[in-house]
Every structure is written in structure tokens, then in C-alpha cells.
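Participant: Please find one structure pasted underneath; my questions will follow.
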Amino acid sequence: MLGEFRNGTPSAVTKNGVPNDLSDAELRERMSGNLCRCGAYVGIREAIHQAYGTMKP
Amino acid sequence: MNNFTYSSASDINSALKLFSESPGRNATRFLAGGTNLIDLMREGIEQPQSLVDITRLPLAEVQQLPDGGVRIGAMVRNSHLAAHALIREKYPLLSQAILIGASAQLRNMATTGGNLMQRTRCYYFYDGAAACNKRAPGSGCDALEGSNRIHAILGATRKCVATHPSDMCVALAALDASVNVTGPSGERRVPFTDFHRLPGDTPEIDTNLAHGELITSIDLPAASSGLASTYRKIRDRASYAFALVSVAAALRAEGGRTRDVRLALGGVAHKPWRASVAEEFLKDKAPTPDNFSRAAAAELAQAVPLRHNAFKVELAKRTIALALSALVTDAPTANGGGAQ
Chain A
3 MLGEFRNGTP SAVTKNGVPN DLSDAELRER MSGNLCRCGA YVGIREAIHQ
53 AYGTMKP
Chain B
76 MNNFTYSSAS DINSALKLFS ESPGRNATRF LAGGTNLIDL MREGIEQPQS
126 LVDITRLPLA EVQQLPDGGV RIGAMVRNSH LAAHALIREK YPLLSQAILI
176 GASAQLRNMA TTGGNLMQRT RCYYFYDGAA ACNKRAPGSG CDALEGSNRI
226 HAILGATRKC VATHPSDMCV ALAALDASVN VTGPSGERRV PFTDFHRLPG
276 DTPEIDTNLA HGELITSIDL PAASSGLAST YRKIRDRASY AFALVSVAAA
326 LRAEGGRTRD VRLALGGVAH KPWRASVAEE FLKDKAPTPD NFSRAAAAEL
376 AQAVPLRHNA FKVELAKRTI ALALSALVTD APTANGGGAQ
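Residue numbers (my numbering), protein chains in the order written: chain A, 3 to 59; chain B, 76 to 415.
Structure, rendered in C-alpha cells:
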């Protein structure tokens, strides 16, 4: 999912067709249909933000 | 699951040959991404005796055509198509419609041709114990008097009130696309709005594709400049849900007059619904919210709601008016904002 964001794959909430800001809206849309988000949703979102921050380009 | 034979084709001719020579050819299906067909087989709704896998056919390219249009190979995956530079820049309406449907994994698998061939998500079609003329011709329609909140308000019959589930197809209907097909009796080209059909007395037939014919590509005409566009989808969840109502809208206004307008609706009929009554109403009229509302009302005057889906009539009217209004206030830009 983060790889797709990095290589420029747009999502339904990407403005102007080119993703550049990994916003909560981007994360929510990209997780949709991908990860079960019941209960742990907020924690998962934070974990993804954290993982993205430590990811090597 | 029922037993079936499986073969894989490497080119178009071998695909047609494998299909026509397959065991039980009347119950043979081409297999592309499989995101709908395999589900239907698991549920026992589709019971093919043979599958001919066409995912290896050399039809996975998006090409610029000499006339300025674009040809989309039938095996181009939805995610590839939505992200393709030509589509994002010249047909953002199509990118938008694809990205707002399904999920990332499904879009990675699903193909352009397969998207056209997906079947309705009517609950009664999926329920083998229910009466459904689409699944079992002559058995009746349990949706008519049943739970019919998601069903059709336009062009339906007593035989079938199912809707076509695609978002991509709604955009293609608005973009004046055409479908290139090939089969035992040769190649032909079908205008997109003639590809799917209304249920009439034979709702078991979704499209005008003959058995054994294969979709090879979709052609988009050259993008007309100054045409702003948007895709609006109204659904129960903000993501990963089918449309209750969707609207593909494109508009070009000049000198205070509507010069070009394209409108197609999803979630309301057995096929992507080109709103030609509304388009006709708006031609050369001022692009005002009042005229947009009147055009939408004219289109929906032909609606026949069922017990639970009357809300769709008002929802469609408002969504059409809002979508068109957004195109007038948003100045077209070179990229995004709906310009194409």
C-alpha cells in the first residue's frame, strides 16, 4: 500500500491525480477493502504513518 | 463447486477456437480477472463447463489513436487504466470513476473488458433459493415485492428490476466510447450505450454481445477541449460500496450557453443510463442551477420507483444538479478539476 503511494498510484481521494501528501484521508481510502479496521482502526492508522516515516525511499 | 475444464489462450484466434471447441460450449465463459465470475461460480450462480483464460492475450495496452482518441485493450487492469497518464490527463472522468469503485486489490485484478461483463449485485440474483428471472428465466422476480432499496427506477420491467453495478461503465457511457468485439462471424464495433441492454422480457441477457464473442478493446473519441467533468457517487459507506446513485457529468459552456453536455447515471437501471432527455433540455440553455434542476426533473419524470427506492428519484435529481453546478463554478484547469 505504501509502495503504491510512493510510486504515484492515485486513489479516489487524490487531488489532481498525483499523490504527494499521505493524509489521513489517503490512508483511510487506501486501507478500505484492504485491512479489517474494526476496533483497532485508529491504532492501525497511526502505525502506518509511523512505518511510512521510517521507510527508506 | 462444479467441475469444469480450463484452457488458456495465447492469442485472439486461439481464444475463439478454444471457446468454440470447448466441451459444453453453450456453458463456456471467457475468464479474465475473475473478480466477479469466480465469486459467482463459488456461489453456484454461474456454472460454466469450460473456462477459456484470456489474461495472456496481447490486449493490455493503452494506445493513442491517430485521430486523437485512445484505445484501451480489454485486458488492461483497472488500476493501470486509472493511473495511466493519458487517461488521467485527457479523461479524468474515467480515472475518477474507476478509483471510486471496488478496492485496490480488486482493481489490480479486474480488467477493462471484464468490468463491462460484471453481473448485477441484486440480492435475489445471488440467492439460489429466490425467484430470479435473470438467474433462472421464468422463475419470477422476488425483488419486485421484496427488499428493493438498491434496485432500478428507470427502464425496468416486471421481469427484472436489477441494476448494473459498474462505475467505470457510467463514465464510458458519458464519454461516447465504443466497444470493439470479435467473434466467429468477424469483428464489429458497438457504441457503448448499445452494449448493455434493458431487461425487457429477457433479463437473463445482460449485453448485446453474442455468445462466443470477445471484447478486444474500448475506444474513446478525442477528448474535446474545454469540457469539464466530474463523477459523483452516492452510497451507504464512503468507500468500498456500490452506488445507490452515481452521475458522470461533463459540460462546456460558452457565452452563457451550454454548448456540450454529457450525463450518464449509475445505480438506477439495468444498464449505464445516458440521460439524453436532460442533455436535450440543456442544449443552448443558460448553465444555471435552476436549469440543471429542471433538466434533472425532466429526465427523472420517466422514473418508476418501487416500494423502497423512491428516494433514488430525488437523490438522482439532486446529484445531477450538484454535479453540473460544480462544473460551472470550478474553472477548468490543465490537470484535475475535471478538465478534459
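Glycine included, each C-beta is placed from N, C-alpha and C at the ideal position.
Predicted, not measured: the structure shown is a model, and the values here were computed from it.
#1: Which class does Q52/A belong to by DSSP, given the choice of helix, strand or coil?
#2: Taking just the CA atoms, how far does A42/A sit from L132/B?
#3: Short check: CB of P274/B to CB of A231/B, under 8 Å?
#4: Does the pairing of the segment 270-288 of chain B with the segment 318-331 of chain B give three or more beta-carbon distances under 8 Å?
#5: Give me the chain A residues within the contact set of L174/B, using Cβ-Cβ distance strictly less than 9 Å, ordered along the chain.
#6: Give the straight-line distance between the Cα atoms of N208/B and G143/B, rounded to the nearest whole angstrom.
#7: Just checking, does the segment 146-161 of chain B make contact with the segment 216-233 of chain B on the three C-beta pairs under 8 Å criterion?
#8: Which one of F105/B, Q180/B, R264/B has the shortest CA to CA distance from I87/B?
#9: Along the segment 167-201 of chain B, what residues have a CB closer than 8 Å to any CB found in chain A?
#10: Helix, strand or coil for T291/B, going by three-state DSSP, please let me know.
#11: For the 8 Å Cβ check, are there 3 or more pairs between the segment 80-95 of chain B and the segment 344-351 of chain B?
#12: Given a cut-off of 8 Å on the beta-carbon distance, is the pair G341/B and D251/B in contact?
#13: Is the beta carbon of A149/B closer than 8 Å to that of T291/B?
#14: According to DSSP, is R264/B helix, strand or coil?
#15: Got a sec? Which residues, its chain only, sit under 7 Å from I280/B by beta carbon, not counting five neighbours each side?
#16: Quick one: using the 10 Å Cβ neighbour count with 16 as the cut-off for buried, is G19/A buried or exposed?
#17: Does Q180/B come out as helix, strand or coil in the three-state DSSP assignment?
#18: Where I147/B and S253/B are concerned, what is the direct C-alpha to C-alpha distance, given to the nearest angstrom?
#19: Of all Cβ atoms in chain A, is any one closer than 8 Å to the Cβ of S441/B?
#20: In this structure, does DSSP put L308/B in helix, strand or coil?
#21: What residues from the segment 248-274 of chain B come within 7 Å of chain A, judged by C-beta to C-beta, listed N to C?
#22: Quick check: Q193/B and P240/B, are their CB atoms within less than 8 Å of each other?
#23: State the DSSP-derived secondary structure class of S125/B, mapped to helix, strand or coil.
#24: Looking at C-alpha atoms only, which residue of V379/B, L381/B, R369/B is the closest neighbour of R393/B?
#25: What three-state label does DSSP hand E164/B in the structure shown?
#26: Just checking: is the beta-carbon of N22/A within a distance shorter than 8 Å of some beta-carbon in chain B?
#27: If you scan the segment 313-338 of chain B from start to end, which runs of the beta strand (DSSP E) of 3 or more residues do you find wholly inside it?
#28: Would DSSP call A398/B helix, strand or coil?
#29: Leaving out the 5 sequence neighbours to the left and right, which residues in its chain are closer than 7 Å to P339/B when beta-carbon positions are compared?
#30: Could you please tell me which residues of the segment 311-327 of chain B, in chain order, have their CB closer than 9 Å to any CB of chain A?
#31: Just to make sure I have the definition right: I need the residues of chain B whose C-beta is within less than 7 Å of the C-beta of S34/A. Which are they?
#32: In the DSSP assignment, the beta strand (DSSP E) including G143/B goes from what residue to what residue?
#33: Using a threshold of 8 Å, state whether the C-beta atoms of A391/B and L375/B are closer than that.
#34: Let's test the definition: count the other Cβ atoms within 10 Å of the Cβ of T56/A and tell me whether it reaches 16, buried, or not, exposed.
Facilitator: Concretely, from the data shown:
#1: Your numbering for residue 52/A matches position 50 in the first sequence. Annotated three-state conformation of Q52/A is helix, per DSSP.
#2: Taking the first residue of the second sequence as position 1, residue 132/B is located at position 57. Taking the first residue of the first sequence as position 1, residue 42/A is located at position 40. Each residue's alpha carbon lies about 42 Å from the other.
#3: Residue mapping note: residue 274/B aligns to position 199 of the second sequence, counting from 1. Residue mapping note: residue 231/B aligns to position 156 of the second sequence, counting from 1. Yes, these two residues count as a Cβ contact at 8 Å.
#4: Here the segment 270-288 of chain B makes no contact with the segment 318-331 of chain B; the two share fewer than three CB pairs at distances below 8 Å.
#5: Your numbering for residue 174/B matches position 99 in the second sequence. The contacting residues are P12, S13, A14, V15, T16, E31.
#6: Translated into positions along the second sequence, residue 208/B becomes position 133. Translated into positions along the second sequence, residue 143/B becomes position 68. Between N208/B and G143/B, the alpha-carbon positions lie close to 43 Å from each other.
#7: Verdict: no, contact absent.
#8: On the second sequence, position 12 is the one that residue 87/B refers to. The shortest C-alpha separation from I87/B is found at F105/B.
#9: So the close ones are P167, S170, Q171, L174, I175, A177, S178, A179, Q180, L181.
#10: Position 216 of the second sequence, counted from the first residue, corresponds to residue 291/B. Note: T291/B maps to strand in three-state DSSP.
#11: Taking a cut-off of 8 Å on C-beta distances, the segment 80-95 of chain B does not touch the segment 344-351 of chain B, as fewer than three cross pairs fall below it.
#12: Here the question's residue 341/B lines up with position 266 in the second sequence. Here the question's residue 251/B lines up with position 176 in the second sequence. Not in contact: G341/B and D251/B (Cβ atoms no closer than 8 Å).
#13: Start at 1 with the first residue of the second sequence, and residue 291/B comes out as number 216. Start at 1 with the first residue of the second sequence, and residue 149/B comes out as number 74. Taking 8 Å as the Cβ cut-off, T291/B and A149/B qualify as a contacting pair.
#14: Position 189 of the second sequence, counted from the first residue, corresponds to residue 264/B. DSSP, reduced to helix, strand and coil, places R264/B within a strand of the structure shown.
#15: Here residue 280/B refers to the residue found at position 205 when the second sequence is read from its first residue. Apart from the 5 residues on each side of it in sequence, I280/B sits with its Cβ closer than 7 Å to the Cβ of R272 in its chain, given in chain order.
#16: Residue 19/A sits at position 17 when you count from the first residue of the first sequence. With a 10 Å radius around the Cβ and a threshold of 16 neighbouring Cβ atoms, G19/A comes out buried.
#17: Position 105 of the second sequence holds residue 180/B. It is helical.
#18: Taking the first residue of the second sequence as 1, we reach residue 147/B at position 72. Taking the first residue of the second sequence as 1, we reach residue 253/B at position 178. Cα-Cα distance, rounded: 10 Å.
#19: Nothing can be reported for residue 441/B, as the shown portion of chain B is limited to 76 through 415.
#20: To locate residue 308/B, count along the second sequence from 1; it is residue 233. In the sequence as displayed, the identity of residue 308/B is Lys instead of Leu. In the structure shown, the three-state DSSP call for K308/B is strand.
#21: Result list empty, no residue passes.
#22: Within the second sequence, the letter at position 118 stands for residue 193/B. Within the second sequence, the letter at position 165 stands for residue 240/B. Against a cut-off of 8 Å, the Cβ pair of P240/B and Q193/B comes out as a contact.
#23: What you label residue 125/B is simply residue 50 of the second sequence in a count that begins at 1. Strand, per DSSP.
#24: Counted from its first residue, the second sequence places residue 393/B at position 318. Measuring from the Cα of R393/B, the nearest candidate turns out to be R369/B.
#25: Along the second sequence, read from residue 1 onward, the residue named residue 164/B stands at position 89. E164/B falls in the helix class under three-state DSSP.
#26: The residue labelled residue 22/A in the question sits at position 20 within the first sequence. At a cut-off of 8 Å between beta carbons, N22/A makes no contact with chain B.
#27: Runs of the beta strand (DSSP E) inside the segment 313-338 of chain B: 320-329.
#28: Here residue 398/B refers to the residue found at position 323 of the second sequence. In this structure, A398/B counts as helix in the three-state DSSP scheme.
#29: For the purposes of this step, residue 339/B is taken as the residue at position 264 of the second sequence. Sequence inspection shows Ala at residue 339/B; the Pro mentioned does not correspond to that position. The answer, listed in chain order, is V245, A248, A249, A323, P347, W348, R349, A350.
#30: Shown in chain order are the members of the segment 311-327 of chain B whose Cβ falls below 9 Å from a Cβ of chain A: R312, A313, S314, Y315.
#31: As a first step, residue 34/A must be located in the first sequence, where it is residue number 32. Ordered by position in chain B, the residues that pass the 7 Å Cβ test against S34/A are S178, S314, Y315.
#32: As a working note, residue 143/B is residue 68 in the second sequence. Note, G143/B: premise wrong, no beta strand (DSSP E); not H, not E.
#33: Against the second sequence, residue 391/B aligns to sequence position 316. Against the second sequence, residue 375/B aligns to sequence position 300. Their beta carbons are under 8 Å apart, which means A391/B touches L375/B by this criterion.
#34: As a position in the first sequence, residue 56/A is number 54, starting the count at 1. Answer is exposed; the Cβ neighbour count stays below 16.
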